[in-house]
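Protein sequence lines, in the order shown, are assigned to chains A and B.
Numbering-wise, the first sequence is residues 1 to 302 according to my numbering.
Numbering-wise, the second sequence is residues 1001 to 1302 according to my numbering.
Glycine included, each C-beta is placed from N, C-alpha and C at the ideal position.
These figures come from a predicted structure and were not determined experimentally.
Only one structure is covered here, and it is reproduced in the block below.
2 protein chains.
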Amino acid sequence: MSESLVFENSELTEMCRYVVSSGGKRLRPALCILSYFACGGKESDVPVSIGAAFEIVHSATLIHDDINDQGEIRRGRKTLHKEYTLTKAIVAGDCMFTVGFRLLSNVRSKIVDYIVEASGAMGAGEFVQKDNEHYSDVTEDDYMRIISGKTAKLFEACAKSGAYVADGTHEEVEALGEFAYNLGLAFQIIDDALDVTGDPRDMGKAIGTDLLEGKPTLPIIYAMQDKAHGSEIRELFEMPSIEHEDVVRALRLISSTDSIRRCMDKAREIAEKAVVFLDSVSESVYKDSLRSLAGFVVDRDR
Amino acid sequence: MSESLVFENSELTEMCRYVVSSGGKRLRPALCILSYFACGGKESDVPVSIGAAFEIVHSATLIHDDINDQGEIRRGRKTLHKEYTLTKAIVAGDCMFTVGFRLLSNVRSKIVDYIVEASGAMGAGEFVQKDNEHYSDVTEDDYMRIISGKTAKLFEACAKSGAYVADGTHEEVEALGEFAYNLGLAFQIIDDALDVTGDPRDMGKAIGTDLLEGKPTLPIIYAMQDKAHGSEIRELFEMPSIEHEDVVRALRLISSTDSIRRCMDKAREIAEKAVVFLDSVSESVYKDSLRSLAGFVVDRDR
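Below is the structure:
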């Protein structure tokens, strides 16, 4: 990734490095690379290059997301627009998009179709999320539409791209796509649950930010259905701006309901459904790793 | 353009249409299409598709620029982030980038290299501009670096792409690239002069905004060198925020110097230099049109 993000302007290069060097779980490249080998691909540089491209595009969306959410800390460091400026962060995000696309289009143009589809879905997901901010009548279906676009479609594109360039069969490409799509849903549900129950030191960022921003996440939706505390949580969620102490109170209230357990159950159910799609793929150590990935995604604490 | 900008989310589609339907001079597609035919290309759908892609990418950068500059009016309409929201405008810009890249990569991957180079340069230009805001010791060289990145490199990419896909010779591709690059410089100088002398009704936007934002443009740089009024203009330019009446005064002061005349001379000189590069291209009605374009660019009043 660092090798591809070199620009004539040294500050721009520095900013892109700042973003990609801050770590992250690298799930998207993992999906791409494992899907490639699971379909019998032999050359490691091809899927690594595509995986890097997806991670770069993903990082670009995180920069713009942090601007939109006024995020201050990401992966234990200041967000890019806080460390540099808003203007430079928007531009750096655009440049990272560009580089990601170049890497993808160097391989095969079909891959570009996958990412374009995912990008459109990401945009749509972001729109539905925005329209449901602080809106306490938001439904579980709305939420699934949001995370389908925001997360699952890009996971799907990563796996399909890996399988496609390995010359996987149509059935393999679709099956790995379905696997990754469902994995993305499960991943995002857990991510949103961790915003309620996570330890900020492990997470590298503050918790309770979804609530602070009025984001309609599943733990909040489930908690608003609670008989005892639902109406109080609804009230807090509807408030256009909320004090720190109210966030703490809301998190405690949500944790006192069965919301987090329901989220975990839902995520596990979806992850199990994901694994079934792997039946269409031959056994291999790569398929085993994909299966383990599904386990990791739901059992992680950060 | 409208045909390619269709998303599942209808508001996203509507926003993209809002942007591309607002007109503009379409100089970038013109450069691409004319360069294609000037090199003997025969199929109109190829250069039209590339030209559309360039215009879409250009429009995406305008959306993000307007956010960065807090612009309110563009082409006689509210800017996208004012009409919708900042969040949705950032996302819509990203989606337009994506579509632009897809259109380009569908043609030939070399074209993607051209636009990636231009995008890197656009980012760098934006950075130099930002670093010189309200900085009265900014030089003409700094300015030329800014507009090279912000405008000229994309003009160059448009012309080279058109020439390249028409299977123009290496010499033709380079010559049309140099022509367009210089045309871009001349275009931007005139654009910046019009921000001082233009009629807001013709321009579809307010004038004096560069001054308001402390942008280091050539008319301001030249005016700061004026013996009689230079120091007063420097003071106004250095002010981190400036009242409407001071903008009006500054514009009047700049117009009273020889700054605008010097800008016009500079733009004409560069446009003439641009036209010389056309010598390497065979005579045709398309080459004549390119030559006329150079005339239009410097003689326009909007």
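Spatially closest choice to residue i from the options, by CA coordinates
{"i": "A/G93", "options": "B/D1069, B/M1122, B/L1103 and B/E1072", "result": "B/M1122"}
{"i": "A/V6", "options": "A/L86, A/L80 and A/T98", "result": "A/T98"}
{"i": "A/S282", "options": "A/H134, A/C39 and A/I260", "result": "A/C39"}
{"i": "A/R252", "options": "A/E238, A/I233, A/D265 and A/I242", "result": "A/I233"}
{"i": "B/R1262", "options": "B/Y1181, B/A1186 and B/L1062", "result": "B/A1186"}
{"i": "B/I1242", "options": "B/A1157, B/T1209, B/I1270 and B/A1223", "result": "B/T1209"}
{"i": "A/A274", "options": "A/S59, A/M264, A/R291 and A/A193", "result": "A/R291"}
{"i": "A/R145", "options": "A/V173, A/E213, A/T217 and A/L194", "result": "A/T217"}
{"i": "B/V1138", "options": "B/V1247, B/L1278, B/A1250 and B/Y1222", "result": "B/Y1222"}
{"i": "B/T1151", "options": "B/A1180, B/K1130 and B/E1172", "result": "B/A1180"}
{"i": "B/P1047", "options": "B/A1159, B/V1173 and B/A1250", "result": "B/A1159"}
{"i": "A/Q225", "options": "A/E140, A/E171 and A/I147", "result": "A/E140"}
{"i": "A/S136", "options": "A/I260, A/I220, A/R77 and A/E269", "result": "A/I220"}
{"i": "A/L86", "options": "B/E1083, B/I1067, B/L1211 and B/S1161", "result": "B/I1067"}
{"i": "A/D265", "options": "A/D299, A/L62, A/D45 and A/V173", "result": "A/D299"}
{"i": "A/S49", "options": "A/G71, A/R28 and A/S148", "result": "A/R28"}
{"i": "B/A961", "options": "B/D1288, B/P1240, B/D1113 and B/G1149", "result": "Nothing about residue 961 of chain B can be reported from this structure: the residues present for chain B run from 1001 to 1302 only."}
{"i": "A/I254", "options": "A/G230, A/M239, A/P240 and A/E235", "result": "A/G230"}
{"i": "B/T1013", "options": "A/Y84, A/F127, A/L12 and A/S44", "result": "A/F127"}
{"i": "A/D45", "options": "A/G162, A/E72 and A/K25", "result": "A/G162"}
{"i": "B/S1284", "options": "B/F1037, B/L1062 and B/E1008", "result": "B/F1037"}
CB-CB length for residue i against residue j, believed under 8 Å
{"i": "B/S1109", "j": "A/N106", "result": "6 Å"}
{"i": "A/R267", "j": "A/I207", "result": "Checking the sequence, you will find Ala at residue 267 of chain A rather than Arg. Between A/I207 and A/A267 the Cβ distance is about 18 Å, and since that is not below 8 Å, they are no contact."}
{"i": "A/E171", "j": "A/S280", "result": "5 Å"}
{"i": "A/A271", "j": "A/V297", "result": "6 Å"}
{"i": "A/S260", "j": "A/A193", "result": "Note that residue 260 of chain A is Ile in the sequence shown here, rather than Ser. Confirmed, about 6 Å."}
{"i": "A/C16", "j": "A/M96", "result": "6 Å"}
{"i": "A/D69", "j": "A/E213", "result": "6 Å"}
{"i": "B/G1120", "j": "A/E235", "result": "With 8 Å as the limit, B/G1120 and A/E235 do not qualify as a contact, their Cβ atoms being about 49 Å apart."}
Under 9 Å between C-beta atoms of residue i and residue j
{"i": "B/S1035", "j": "B/A1166", "result": "yes"}
{"i": "B/F1054", "j": "B/L1154", "result": "yes"}
{"i": "B/H1134", "j": "B/F1237", "result": "yes"}
{"i": "B/A1228", "j": "B/T1257", "result": "yes"}
{"i": "B/V1057", "j": "B/G1023", "result": "no"}
{"i": "B/E1117", "j": "B/F1277", "result": "no"}
{"i": "A/H64", "j": "B/I1090", "result": "yes"}
{"i": "B/K1215", "j": "B/R1074", "result": "no"}
{"i": "A/K42", "j": "B/K1130", "result": "no"}
{"i": "B/M1203", "j": "B/R1302", "result": "yes"}
{"i": "A/S4", "j": "A/L103", "result": "yes"}
{"i": "B/L1293", "j": "B/A1052", "result": "no"}
{"i": "B/N1164", "j": "B/Y1114", "result": "The residue you asked about is not Asn; residue 1164 of chain B is Tyr in the sequence shown. Their beta carbons are under 9 Å apart, which means B/Y1164 touches B/Y1114 by this criterion."}
{"i": "A/E72", "j": "A/T61", "result": "no"}
Contact set between residue i and chain B, taken where Cβ atoms lie within less than 7 Å
{"i": "A/N106", "result": "S1109"}
{"i": "A/T7", "result": "Looking at the sequence shown, residue 7 of chain A is not Thr but Phe. Those within 7 Å of A/F7 in chain B are G1120, G1123 and A1124."}
{"i": "A/C95", "result": "S1119, G1120 and G1123"}
Residues that residue i contacts on chain B, provided the C-beta gap is smaller than 8 Å
{"i": "A/I90", "result": "H1064, I1067, N1068 and I1090"}
{"i": "A/R102", "result": "V1112, D1113 and V1116"}
{"i": "A/T98", "result": "F1097, F1101, I1115, V1116, S1119 and G1120"}
Neighbouring residues, chain A, relative to residue i (Cβ below 9 Å)
{"i": "B/C1182", "result": "Going by the sequence as given, residue 1182 of chain B is Asn instead of Cys. Those within 9 Å of B/N1182 in chain A number zero; the least Cβ separation is about 19 Å."}
Collapsed DSSP secondary structure at residue i in the structure displayed
{"i": "A/K153", "result": "helix"}
{"i": "A/R302", "result": "coil"}
{"i": "A/I207", "result": "coil"}
{"i": "B/R1075", "result": "coil"}
{"i": "B/H1081", "result": "helix"}
{"i": "A/G162", "result": "helix"}
{"i": "A/L5", "result": "coil"}
{"i": "B/D1131", "result": "helix"}
{"i": "A/M240", "result": "A quick correction: the sequence has Pro, not Met, at residue 240 of chain A. If DSSP states are grouped into helix, strand and coil, A/P240 belongs with coil."}
{"i": "A/Q188", "result": "helix"}
{"i": "A/E245", "result": "helix"}
{"i": "B/P1216", "result": "coil"}
{"i": "A/G177", "result": "helix"}
{"i": "B/T1087", "result": "helix"}
{"i": "B/E1043", "result": "coil"}
{"i": "A/A328", "result": "Absent from the model: residue 328 of chain A. The displayed extent of chain A is 1 to 302, so no value can be given."}
{"i": "A/R261", "result": "helix"}
{"i": "A/N182", "result": "helix"}
{"i": "A/T61", "result": "helix"}
Near the ligand NAP: residue i beta-carbon under 8 Å from a heavy atom
{"i": "A/L251", "result": "Ligands in the displayed structure: none, and consequently the ligand NAP is not present."}
Chain B residues whose Cβ lies nearer than 9 Å to that of residue i
{"i": "A/E160", "result": "Sequence check: residue 160 of chain A is Lys here, not Glu. Within chain B, no residue comes near A/K160; the closest Cβ sits about 16 Å away, beyond 9 Å."}
Contacts of residue i in chain A (Cβ-Cβ under 8 Å)
{"i": "B/T1087", "result": "N68, E126 and K130"}
Under 7 Å by beta carbon: chain A residues contacting residue i
{"i": "B/L1012", "result": "G123, A124 and F127"}
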